[in-house]
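There are 2 protein chains.
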Amino acid sequence: MKQKDKSTEAKILEAANKVFVEKGLDGARMQEIADEAKINKSLLHYYYRSKDKLFSEVFQKVIKTFLPDTVKIFDSEKSLFEKIETFTLEYITLLEKNPFLPMFVLHELSQKPIKITDTFSGFFDNLKQNQFEILKFQIEKEIQNGIIRPIEFDQLIVNIMSLCIFPFAAKPILMKLFFGDNKNQYKNFADKRKIEVADFVIHSIKVKN
Amino acid sequence: MKQKDKSTEAKILEAANKVFVEKGLDGARMQEIADEAKINKSLLHYYYRSKDKLFSEVFQKVIKTFLPDTVKIFDSEKSLFEKIETFTLEYITLLEKNPFLPMFVLHELSQKPIKITDTFSGFFDNLKQNQFEILKFQIEKEIQNGIIRPIEFDQLIVNIMSLCIFPFAAKPILMKLFFGDNKNQYKNFADKRKIEVADFVIHSIKVKN
DNA sequence: ATTTGGTTTAACTATCTGGTCAAAAATAAA
DNA sequence: TTTATTTTTGACCAGATAGTTAAACCAAAT
Chain A
1133 MKQKDKSTEA KILEAANKVF VEKGLDGARM QEIADEAKIN KSLLHYYYRS
1183 KDKLFSEVFQ KVIKTFLPDT VKIFDSEKSL FEKIETFTLE YITLLEKNPF
1233 LPMFVLHELS QKPIKITDTF SGFFDNLKQN QFEILKFQIE KEIQNGIIRP
1283 IEFDQLIVNI MSLCIFPFAA KPILMKLFFG DNKNQYKNFA DKRKIEVADF
1333 VIHSIKVKN
Chain B
1133 MKQKDKSTEA KILEAANKVF VEKGLDGARM QEIADEAKIN KSLLHYYYRS
1183 KDKLFSEVFQ KVIKTFLPDT VKIFDSEKSL FEKIETFTLE YITLLEKNPF
1233 LPMFVLHELS QKPIKITDTF SGFFDNLKQN QFEILKFQIE KEIQNGIIRP
1283 IEFDQLIVNI MSLCIFPFAA KPILMKLFFG DNKNQYKNFA DKRKIEVADF
1333 VIHSIKVKN
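Those sequence lines, one after another, are chains A and B.
What the first sequence shows, in this note's numbering, is residues 1133 to 1341, in sequence order.
What the second sequence shows, in this note's numbering, is residues 1133 to 1341, in sequence order.
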C-alpha cells in the first residue's frame, strides 16, 4: 500500500467535526462537509463509507473531549474542596473553548440513546470503577468527619455537572433573559462562573461551626 | 364560512407537537406527523402552509409551557426560601410530565437563535419587568438583612435553572453513568431532586449563626 | 334537488440528498 | 518508460421529502 496521505483524512474529520457539532447529525449535509474540507463529496464516501460511519468517528472523538482527563483530578491527594475548585475551573474553561459541545452531545445522545451510548459505554465503565469510586469514598469520609453535611453522591455530582454544563447549552436563552443579547455582559457572567460554581457548591456542603 | 371543524386542527397540532418535540425540526417528517394525526399529508399543508409554519405554531405553545406560570410564584408574599422550595418542586414536577421538553427547546434555540428567539422575545420582556425585578429586589434585601450571603442575582437564578433542567436534558448520560440503565434507580433519583434542588440551593445561600 | 364552499384525498412534482461508478489523475513500483 | 495502485473527480442514480393540484366528498343553504 502506498504511503497514505493523512492530510485528506484529517481535513475531512476536521470539517465533519465542525459541521456535525454545529448542525447535528440530522441537520448536517455531506455536501457541506465536503465544501468545508474543500474536497469532492465522493471522497467522503471513499474514506468513510457512509454518513453514519463518519458521524461515529466524529462522535467518538468528541466524547473524549466531553468526558475529559480532567476527571483524573478526582484521583489525587487533594482535599475535596480543592478538587471541586480545580475541576469546575478546568471543565468550564474547556467548555468555553468548545461552546457547542454540550448541546451537541446532549442532543445526539437523546436522539439515539441506545445505539450511540453503547459506542462508548467502555468510557463509563472505566470511569465508574476508578476515579468515581475513589471520589465517592472520599465524600463519605468527609461526611463522617463532619467536614461536609450529609448528601448523596449521585445528587452532588449531578449538581456540579448541571452548574458547569447547563449554561453553555442554554446560552441563547440566557442571552435574552439576562443580558439582552449583549455579548460583553454574557462574557462577564460566564467568566465569573469559573469560580462561582465551586463557590456555590462548597457553600452548600461545607459544615460551618 | 362553514363552522370549522376544530378537531382536525387540534389533532394536527397535537401530533406535530409530539413528533417535533421528540425528533426536532430537522428530524421530524411531515408524513410522520400526518400518520400520527391519522390524516392525509396534504391536510397538513391545507391547515398550516409549510413545515416551518407548523413548527412555529408548535414551538410557541411549547415555550409557554417551558416558561411557565410557575414563575408567578416569585410574585407573592412568601419568603425567599419558600419561593425557592415551591418553584423547584413545581417546575421539576412539570418537566417530569414533559421530559423531552428541555432538550427540544434548548436544541432548537441553539440551532436558530436569531429567528426563533425573536418569536417569543415578548415573553422575556414581560418576565423581566414583572416577577423578575420583584425577586431581584427581595434577594438584595435578604442579603442586606444578613439572611442570605452575598450572591449575584444572575448567578443564583442560573444555578437554580441549571439544577432543575439539566438532569432532564442529560437523562441518557446519567442513566449510564450512575444507574446502569436501571429505570427504577433513575426514577428514585429524579424524585429526590424535587426537594434536593431547593435543599442544595438554600444550604448554599443561607447564612448560619 | 341543486348549488355552494369548505374539507379531504390520491396522484404527482421538484428538489434534495446519501450514495455509486467508471474514468481520469496522480503516485508508486517494475 | 511502462505498469500497477491509489486517490480524486464528475456524472449519475434511487429514494426520500416538502409541497402542489385537481378532483372527490360532504354538509349546509337555496
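A virtual CB, placed ideally from N, CA and C, is assigned to each residue, including glycine.
{"Check": "Step through the CB atoms of chain B and report whether any lies within less than 8 Å of the CB of residue 1276 of chain A.", "Outcome": "no"}
{"Check": "Label residue 1180 of chain B either buried or exposed according to how many other C-beta atoms from any shown protein chain fall within 10 Å of its C-beta, with 16 as the threshold for buried.", "Outcome": "buried"}
{"Check": "Helix, strand or coil, according to DSSP, for residue 1204 of chain A in the structure here?", "Outcome": "helix"}
{"Check": "With which residues is residue 1338 of chain B paired in a DSSP beta bridge?", "Outcome": "B:1280"}
{"Check": "List in chain order: all unbroken alpha helix (DSSP H) runs of 4+ residues lying wholly within the stretch 1274-1320 of chain B.", "Outcome": "1285-1301 and 1303-1311"}
{"Check": "Using a Cβ-Cβ cutoff of less than 7 Å, which residues in the same chain neighbour residue 1152 of chain A once the five nearest sequence positions on both sides are dropped?", "Outcome": "1160, 1187 and 1190"}
{"Check": "Would you report the Cα separation of residue 1314 of chain B and residue 1306 of chain B, rounded to the nearest angstrom?", "Outcome": "10 Å"}
{"Check": "Taking 8 Å as the threshold, find out whether the stretch 1166-1186 of chain A comes into contact with the stretch 1203-1215 of chain A through three or more Cβ pairs.", "Outcome": "no"}
{"Check": "Take the Cβ of residue 1147 of chain A as the centre, count every other Cβ of all protein chains shown within 10 Å, and call the residue buried at 16 or more, exposed below.", "Outcome": "buried"}
{"Check": "For the stretch 1186-1218 of chain B, which residues have a CB atom closer than 8 Å to at least one CB atom of chain A, in sequence order?", "Outcome": "none"}
{"Check": "With distances taken from CA atoms, which of A:1284, A:1229, A:1303 and A:1285 is nearest residue 1293 of chain B?", "Outcome": "A:1303"}
{"Check": "For residue 1230 of chain B, name the three-state secondary structure that DSSP assigns.", "Outcome": "coil"}
{"Check": "Quick check: what's the CA-CA separation for residue 1236 of chain A versus residue 1154 of chain A?", "Outcome": "7 Å"}
{"Check": "Give a yes or no on whether the minimum CB-CB distance between residue 1328 of chain A and chain B is below 8 Å.", "Outcome": "yes"}
{"Check": "With 16 as the cutoff for other CB atoms within 10 Å, does residue 1215 of chain B come out buried or exposed?", "Outcome": "buried"}
{"Check": "Keeping to the same chain, check which residues put their C-beta closer than 7 Å to that of residue 1162 of chain B; ignore five residues upstream and five downstream.", "Outcome": "1173, 1176 and 1183"}
{"Check": "Within its chain, find whatever has a CB closer than 6 Å to the CB of residue 1299 of chain A; leave out the 5 residues flanking it on each side and keep chain order.", "Outcome": "none"}
{"Check": "Select from B:1295, B:1317, B:1241 and B:1281 the residue whose C-alpha is nearest the C-alpha of residue 1326 of chain B.", "Outcome": "B:1295"}
{"Check": "Rank B:1277, B:1212, B:1243 and B:1225 by C-alpha distance to the C-alpha of residue 1266 of chain B and give the top, closest one.", "Outcome": "B:1212"}
{"Check": "Does the separation of the CB atoms of residue 1301 of chain B and residue 1226 of chain B fall below 8 Å?", "Outcome": "no"}
{"Check": "I'd like the list of long-range same chain contacts for residue 1149 of chain A, defined as Cβ closer than 6 Å, with 5 residues on each side in sequence excluded.", "Outcome": "1190"}
{"Check": "List, in order along the chain, the chain B residues whose C-beta lies closer than 7 Å to that of residue 1227 of chain A?", "Outcome": "Within chain B, no residue comes near residue 1227 of chain A; the closest Cβ sits about 13 Å away, beyond 7 Å."}
{"Check": "Could you work out which residues of chain A lie near residue 1291 of chain B, taking near to mean beta carbons separated by less than 7 Å?", "Outcome": "1295 and 1332"}
{"Check": "Quick check on DSSP: helix, strand or coil for residue 1164 of chain A?", "Outcome": "helix"}
{"Check": "Who are the neighbours of residue 1301 of chain A on chain B, taking C-beta pairs under 8 Å?", "Outcome": "1238, 1242, 1298 and 1301"}
{"Check": "When burial is assigned at 16 or more other CB atoms within 10 Å of the CB, is residue 1135 of chain A buried or exposed?", "Outcome": "Since pLDDT at residue 1135 of chain A reaches only 37, below the 50 mark, its modelled position is unreliable, and no value is offered."}
{"Check": "Please confirm whether residue 1281 of chain B has its beta-carbon closer than 8 Å to some beta-carbon of chain A.", "Outcome": "yes"}
{"Check": "On the criterion of 16 or more Cβ atoms from any shown chain inside 10 Å, does residue 1272 of chain A qualify as buried, or is it exposed?", "Outcome": "exposed"}
{"Check": "Would you please state the rounded distance, in angstroms, between the beta carbons of residue 1344 of chain A and residue 1330 of chain A? I believe it to be under 8 Å.", "Outcome": "Because chain A in this structure spans residues 1133 to 1341, residue 1344 of chain A falls outside the shown range and cannot be described."}
{"Check": "Checking 8 Å against the spacing of the C-beta atoms, do residue 1287 of chain B and residue 1328 of chain A come in under that value?", "Outcome": "yes"}
{"Check": "Using the three-state DSSP reduction, which class does residue 1180 of chain A fall into: helix, strand or coil?", "Outcome": "coil"}
{"Check": "Considering only the alpha carbon of each residue, which of B:1284, B:1319, B:1337 and B:1336 lies closest to residue 1320 of chain A?", "Outcome": "B:1284"}
{"Check": "If the cut is a Cβ gap below 7 Å, which residues of chain A does residue 1235 of chain B touch?", "Outcome": "1238, 1239 and 1242"}
{"Check": "What residue from A:1167, A:1278, A:1309 and A:1318 has the CA that sits closest to residue 1337 of chain A's CA?", "Outcome": "A:1278"}
{"Check": "I want to see whether chain A comes within less than 8 Å of residue 1286 of chain B, judged by CB atoms only; does it?", "Outcome": "yes"}
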